[in-house]
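Undergrad: Have a look at this one before I ask anything.
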Amino acid sequence: MIRYAYSGKGFEPFEPAIGKYDREFLVSLLWSMMRIRMVQEEMERRYREDEMKTPIHLVIGQEATSVGCCAALERKDQVFSGHRTNGNYLAKGGDLKAMMSELYCRANGCVASRGGSMHLLDKEAGYAGSSGIVAGSLPIATGAALAARMLKQDWATMVFFGDAATEEGTLWESLNYAALRELPVIYVCENNFFSVCSPLEARQPKVEIYEKAASFGLHSVQVDGTNVLEVYETARSAVERARSGKGPTFIESLAYRWRGHGGAGDDSDTGYRDPAEVEHWKQYCPIEGFYNFLAKRGQIDEPGRNALVKQIQNEVLKAFEHAISSPVPEESDLFKHVYSD
Amino acid sequence: MIRYAYSGKGFEPFEPAIGKYDREFLVSLLWSMMRIRMVQEEMERRYREDEMKTPIHLVIGQEATSVGCCAALERKDQVFSGHRTNGNYLAKGGDLKAMMSELYCRANGCVASRGGSMHLLDKEAGYAGSSGIVAGSLPIATGAALAARMLKQDWATMVFFGDAATEEGTLWESLNYAALRELPVIYVCENNFFSVCSPLEARQPKVEIYEKAASFGLHSVQVDGTNVLEVYETARSAVERARSGKGPTFIESLAYRWRGHGGAGDDSDTGYRDPAEVEHWKQYCPIEGFYNFLAKRGQIDEPGRNALVKQIQNEVLKAFEHAISSPVPEESDLFKHVYSD
Amino acid sequence: MPWAQALIAKKTDSLSHQDPNTGRVLSYAQAINEALVLAMELDPKVFVLGQGVDDPKGMFGATLGLAEKFGGERVFDTPLSEDGMTGICAGAAMMGLRPVYFHNRPDFLLLAFNQLVNHASKVHFMDNGKTNVPMVVWAAIGRGWGSGAQHSQAVHGLLLGVPGLKIVLPSSPYDAKGLMLSAIADNNPVLIFEHRWCMRRKSAVPEGFYTVPLGKGVYRRRGTDLTIVGVSHTLELALEAVDELARDGISADAIDLRTIKPLDEEIIFESLKKTGKILILDSTWAMGGLCAEIGCRVAEKGFRDLKAPVRRIGLPDIPTPAGFTLEQYYYPDKKRIASAIGEIAAA
Amino acid sequence: MPWAQALIAKKTDSLSHQDPNTGRVLSYAQAINEALVLAMELDPKVFVLGQGVDDPKGMFGATLGLAEKFGGERVFDTPLSEDGMTGICAGAAMMGLRPVYFHNRPDFLLLAFNQLVNHASKVHFMDNGKTNVPMVVWAAIGRGWGSGAQHSQAVHGLLLGVPGLKIVLPSSPYDAKGLMLSAIADNNPVLIFEHRWCMRRKSAVPEGFYTVPLGKGVYRRRGTDLTIVGVSHTLELALEAVDELARDGISADAIDLRTIKPLDEEIIFESLKKTGKILILDSTWAMGGLCAEIGCRVAEKGFRDLKAPVRRIGLPDIPTPAGFTLEQYYYPDKKRIASAIGEIAAA
Ligand SMILES: Cc1ncc(C[n+]2csc(CCOP(=O)(O)OP(=O)(O)O)c2C)c(N)n1
Ligand SMILES: Cc1ncc(C[n+]2csc(CCOP(=O)(O)OP(=O)(O)O)c2C)c(N)n1
Ligand SMILES: [Mg+2]
Ligand SMILES: [Mg+2]
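Here the protein sequences come in this chain order: H, V, S and Z. Just so we're on the same page, this note's numbering is the position in the first sequence counted from 1, plus 1. Just so we're on the same page, this note's numbering is the position in the second sequence counted from 1, plus 1. Just so we're on the same page, this note's numbering is the position in the third sequence counted from 1, plus 374. Just so we're on the same page, this note's numbering is the position in the fourth sequence counted from 1, plus 374.
Here it is in structure tokens:
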């Protein structure tokens, strides 16, 4: 049974406007999604070796949200995540090697093996952090936006979270405050219809999440989370709103998680969702769909794609090698940074 | 400056239908509001004696919400409140003497001087309790409604709270759950536009509270909280919905608090609100307005009202005497009921 | 009180079973599962909820099959609203139901402190005894595999000082079952914290009803050189350590408190009177929680018996690091515990 | 660190001021107010928020006039969203601001434990030191006038075990000002709990900048028979008791810890070495919090100096009753403290 079906409109609506994007930009979106996918796939392969001793939460199938949203941001803009960090981190320009080292619990991990996969950080890239507590980043990101306002700086804050985060009261407290103060913050709900194995219908009545956000006074939009251009356009206008003092935006992006909640592989066979539902969504692969769209419009061809694959493969392997060959922390490291001076 | 003006339609809309209510019922509504008012006024007078050593939160000006809502309930239905308990407690049939004893910290107070004015209880009357923590009763009441469902009983649960409670995340968690499970619960938001001295505009963007509740999947209505009939009609259909398994209702009732947040007297002169705003609302006194409406329709006259006043005065004085002459708790009482056997 | 007395008494032969070493062997999860089945069969007012209680993993297996057996009205998933759902449990309990609310991690209970501390624990007192709040909240302490600072905390130390709560930390399948039944039977909010590493254990578990009383510790070893007192996984490590130290001629009373609130101080003082020395263990921060409380009580009421400084071993005053190397320095291990035991015995 | 070193150092003559008995006398609220004004003048990144900070009551007077002086962008009211606003403060602090968040009651902080314990306290550690969270959370412990179980709690005992937090309990206007300035200067989340009954005090408060260091206790009395250690209002009562007991020839070291995390154990052991006896006081539950921690440390590290059982006085393991008669049995008073002191001295 397909409980949650694809409801988007595909790439057609974007065909007339393709000329307005430059090719390099379009290819960079494709590249960024492919890169996230390939990093995840490599993680998945290696995860079975039990050397990456940290929980992982893959975003395979959901890449377009990270990539479309972060493409609308500049380096100065700040991104926060929940537990499903990888796509957000990489799309925002987070250092891949530092991430892999973190996943391998190395001393040169992006937070020196203190955070693990649910807590990445890359300050230089404007990736400001994440929380393993569902919705925990919501008020923090809202506070970052308040800081931008008070410091009179024009960077925007964007925070990613899942559908289940909208069940946490703190999310609504955050939205209320952002709307009240018209803060430069963009809330991105990656609605994949599940929280671990719990379907949305077990957790929320049949109402639209983005409409709830709208009723709280936010500009609020639902987008096709398999369509990187739709995500990008929505994020871009949200960023414009933020920079021009027009207040917060809520983006609900619908895309399906192809893999299990955590760890490697799909777990649909355990029965909480129909494998047919996964297959259904694979027809709307954000990467294949976009590639086909671009190819049809002459923006890329098979050799072009192969070159991207090669380049990424190379980078990914290097990152894994870097991580695996890096040293682990020492006992004395444990006692550092409990307090700041 | 009048920041929050009366926006109701008065009693006119109810004129055509007056015949459908029986006179006794109409007078009982008036009586109940007068009784709450007179209890409060006597409390206010005596509060200055410093013998009632507990915070008080008067509902003068807001009586119609308690009375209209509770008139739609039966004894078996359960009511919960926040800190502003008195109107809810009395309207639901809570024992006045036990309440006054509680306010005077006596051993025979409704919770034996352990709760104080923010924590009343009268199980026999179906007044199930209250919380001094804003919004604290919301999930508890929702859980009571879940119990009714699971126990297959047909009582409804009603919970009263202020506008500020809608800023607490736990309220939205409760609403989500009630809507998901279609629970027999009625949420009554007594919106008096202030939280202590903070106006609504300092706490929420310009959106309607009841519309937020609607977006969460609840049947949701805004009513004139100075009009006991409008409140009653709305509550009655909410109770019907609850009893017939149609799920929760959210009622936002607009009425102004004539006195300061806590303690005796108005505090508008301190500057947080314009005394003219208080005067404005006094024109829409829920009791005067209803009396005039009833008198014009021949349902009551001046001698009739005087008789009510007399009767209530008598009852109120007796309750105060009862309280004042009652014994205080003993040291050994302190150690009781930390745990239940 | 129907449950505590009437119902259980009818079914239970005795409250004094001791963790037997023979008989049917169950895993930890099976033991909890069996307790839940028994309780739910006994009383239609018992229900089970929590994120994932009806999913294929069934809360580490503890709730597997319950939804099939008792239906979705009594075994159900929840939204991710820990504070709200805790209040909902409290409200349902106040109306006579007996919710058992499951969490993957105690860290998530920090979202629910308002309902736990400001409400559930106080209602009975504030209501002058007129309302009971018979609810059970269960959570499994995470450790290892990069759980890190937000997924590995044990919060029982933070809650120890809160009047009105009961707090249970079972360490064996036998106790997990018997304490779960006692917790459900209790008319107060009871928090049960399992440790994921204890949950790997199997042990003999009698069939049918039995309860392990709340507030009663138990000797796991008998000896003379010192008293070891603690709970959960860290105590398990200490038992291993003490068994190894037997070859050095060291022996100890080892007490598993099982419940930390109410706290069985009699058993501690009984042992201390004999040994004069004490090592206190906990699976959470050593500061300000159970270790501190016991240490202080010993200094108050056991002072005359005390022949050497009190020692405690818990976690240092540091958040949990994610990586396995840092973890290994963070958590006390058998070696560290053994050397403390050796030092105390020699003192 | 700009604030802690550069800015303050420039303005402060010394960190070693002792509560002077001469000079300009201020009320408690005025002292805090002055600290806030100084901090806000010094650094535009400091801001003040909380339900009612800009209202006519001005948070017991502590924030009166600030909105007028610094404008609504730096001094502002908040929605009733304690967890959300705490996270908002943490987020703002992570971006370099210095929020000072005011609450009427610590009870309301229980709504914010997720942000305090799971987030603000851990960010610096989890970020490997890359992010600071310089925020101050302030709350006034309620007592009396029927505050009851949900409006009178002191929650510092619950938070004592949480790594990464600092916790301050001033007892005089002098300290309230100096500790507030230190707290704002600190690069970590600092919680300040005032006691409403301490807030009735007036004392000499120097003008201009000075700081009272976090983590340093101070002797309030010097004596030989025992060590009294504690914080806040209960310590005040003990000082009165000890002054009266002078007529019986009893004298005591009385230590006001002022900060309970980090905890100044040196000053406790210094005194204990001399007196050999100790009475520990707190204004919250005696169980599992500060009293327990100090009692345990004494039994660990001060055992050789200890000549009599440790004693502690805090609140019993009971929620706060609302009525004034029950309250009077609930809270420790001068008499009860005096008799404990007498007993210890005689022991
Ligand atoms: C407060 C809290 N409760 C429970 C969890 C356990 N948990 C971790 S991830 C997750 C699923 C969240 O679902 P969603 O927000 O939709 O994000 P998704 O995993 O689907 O991306 C849960 C329940 C948690 N981390 N934090
Ligand atoms: C969680 C919490 N925060 C703050 C308070 C302090 N407080 C008590 S009543 C009140 C005002 C609440 O306003 P509202 O909900 O609108 O109710 P009203 O007093 O207007 O009836 C506040 C802030 C509290 N009791 N609980
Ligand atoms: Mg999801
Ligand atoms: Mg209000």
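A virtual CB, placed ideally from N, CA and C, is assigned to each residue, including glycine.
Which residue from Z:T633, Z:F421, Z:Y704, Z:V491 puts its Cα closest to that of Z:K590?
TA: Z:T633
Undergrad: Which residues have their C-beta within less than 6 Å of a heavy atom of ligand 6, listed in chain order?
TA: Ligands in the displayed structure: ligand 1, ligand 2, ligand 3 and ligand 4; ligand 6 is not one of them.
Undergrad: Since H:E212 and H:T66 are thought to touch, with beta carbons under 8 Å apart, how far apart are those beta carbons, to the nearest angstrom?
TA: With a Cβ gap of about 19 Å, H:E212 and H:T66 do not count as contacting.
Undergrad: Express the C-alpha separation of V:G266 and H:A142 in angstroms, rounding to a whole number.
TA: 42 Å
Undergrad: Name the residue from V:R182, V:E168, V:Y178, V:E234 whose alpha carbon lies nearest to the alpha carbon of H:N177.
TA: V:E168
Undergrad: In chain order, what residues of the same chain lie with their CB nearer than 6 Å to the CB of S:H607, ignoring the 5 residues before and after it?
TA: H569, W571, C572, S657
Undergrad: Can you list, in chain order, the residues of the region 478-503 of chain S whose Cβ is nearer than 8 Å to any Cβ on chain V?
TA: N488, Q489, N492, H493, V497, H498, F499, M500, D501, N502, G503
Undergrad: Which residues in the same chain have their Cβ closer than 7 Å to the Cβ of V:R242, if we skip the five residues on either side of it in sequence?
TA: Shown here for V:R242: same chain residues with a beta carbon closer than 7 Å to its own, the five before and five after excluded, namely H220, G248, T250 in chain order.
Undergrad: Between which residues of its own chain and S:A413 is the CB-CB distance below 7 Å, once the five residues before and five after are set aside?
TA: V420, L555, I558
Undergrad: Taking only heavy atoms of ligand 1 into account, decide whether any of them is closer than 7 Å to the Cβ of H:I313.
TA: no
Undergrad: Taking Cβ-Cβ distances shorter than 9 Å, what residues in chain S pair up with H:S327?
TA: Neighbours of H:S327 on chain S: none; closest Cβ ~12 Å, over 9 Å.
Undergrad: Run down chain H in chain order and give the residues with a C-beta less than 7 Å from the C-beta of S:L689.
TA: Simply none; closest approach about 11 Å.
Undergrad: Is V:M53 helix, strand or coil by DSSP?
TA: coil
Undergrad: Mind checking who V:M159 pairs with in its DSSP beta bridge?
TA: V:V80, V:I187
Undergrad: Specify the secondary structure class of H:W259 as computed by DSSP and reduced to three states.
TA: In the structure shown, H:W259 falls within a coil segment according to DSSP collapsed to helix, strand and coil.
Undergrad: With DSSP collapsed to three states, give me the class of H:I347.
TA: Chain H is shown from 2 up to 342; residue 347 of chain H falls before or after that span and cannot be answered.
Undergrad: Nearest by alpha-carbon distance to Z:Y588: which of Z:F487, Z:V422, Z:P563 is it?
TA: Note that residue 588 of chain Z corresponds to Leu in the displayed sequence, not to Tyr. The residue among Z:F487, Z:V422, Z:P563 with its C-alpha nearest the C-alpha of Z:L588 is Z:P563.
Undergrad: For Z:D387, is the classification buried or exposed, using 16 other Cβ atoms within 10 angstroms of its Cβ as the cut-off for buried?
TA: Note on Z:D387: pLDDT 43, under 50, position unreliable in the model; no value is reported.
Undergrad: Could you tell me which of H:M2, H:E45, H:Y7, H:S8 sits nearest to H:H262, measuring between CA atoms?
TA: H:E45
Undergrad: What does a CB cutoff of less than 6 Å around V:L122 pick up in its chain, not counting 5 residues either side in sequence?
TA: C111, V112, G130
Undergrad: With H:G170 and V:G170 assumed to form a contact (beta carbons below 8 Å), what rounded beta-carbon distance in angstroms separates them?
TA: 2 Å
Undergrad: With a threshold of 7 Å on Cβ separation, who are the neighbours of H:R260 within its own chain once the five nearest residues in sequence on each side are excluded?
TA: In the same chain as H:R260, and ignoring 5 residues on each side of it, the C-beta atoms closer than 7 Å to its own belong to L59, I61, G266, D267, in chain order.
Undergrad: Kindly list, in the order they appear in chain V, the residues whose Cβ is closer than 7 Å to that of S:S455.
TA: E174, N177, Y178
Undergrad: For Z:S505, go through chain H and note every residue whose CB falls closer than 9 Å to its CB, in chain order.
TA: Before going on, a small fix: residue 505 of chain Z reads as Thr here, not Ser. Identification of chain H residues near Z:T505 by a Cβ-Cβ cut-off of 9 Å yields L122, K124, A129, G130, S341, ordered along the chain.
Undergrad: With C-beta atoms as the reference, is Z:S577 less than 8 Å away from Z:G538?
TA: no
Undergrad: Are S:A464 and V:G144 close, meaning C-beta to C-beta below 8 Å?
TA: yes
Undergrad: Tell me which same chain residues have a C-beta within less than 7 Å of the C-beta of S:Y703, skipping the five on either side of it?
TA: So the list is empty, once near-sequence residues are dropped.
Undergrad: Could you tell me which chain H residues have their CB closer than 8 Å to the CB of V:V208, listed as they occur along the chain?
TA: A180, S216, F217, G218
Undergrad: Report the start-end ranges of each beta strand (DSSP E) in the region 566-631 of chain S that is 3 residues or longer and not cut off at the edges.
TA: Whole beta strand (DSSP E) segments, 3+ residues: 576-578, 592-595, 600-604, 626-630.
Undergrad: Say yes only if the C-beta of H:H58 is nearer than 7 Å to one or more non-hydrogen atoms of ligand 2, and no if none qualify.
TA: In this structure, H:H58 has its CB at a distance of at least 7 Å from all heavy atoms of ligand 2.
Undergrad: Please confirm if the region 2-17 of chain H is in contact with the region 26-43 of chain H, defined as three or more CB-CB distances below 8 Å between the two stretches.
TA: no
Undergrad: Let me know the secondary structure DSSP gives V:T227 once reduced to three states.
TA: Correct three-state label for V:T227: coil.
Undergrad: With DSSP run on the structure shown, which of helix, strand or coil describes H:N87?
TA: helix
Undergrad: Mind checking whether Z:T452 and Z:Q425 have CB atoms under 8 Å apart?
TA: yes
Undergrad: Starting from the C-beta of Z:K675, find all residues in its chain whose C-beta is less than 7 Å away, skip the five residues before and the five after it, and write them out in chain order.
TA: Closer than 7 Å at the Cβ level, and outside the excluded window around Z:K675, lie F643.
Undergrad: What does Z:K635 pair with, by DSSP beta-bridge criteria?
TA: Note: Z:K635 sits in a beta bridge opposite Z:I541.
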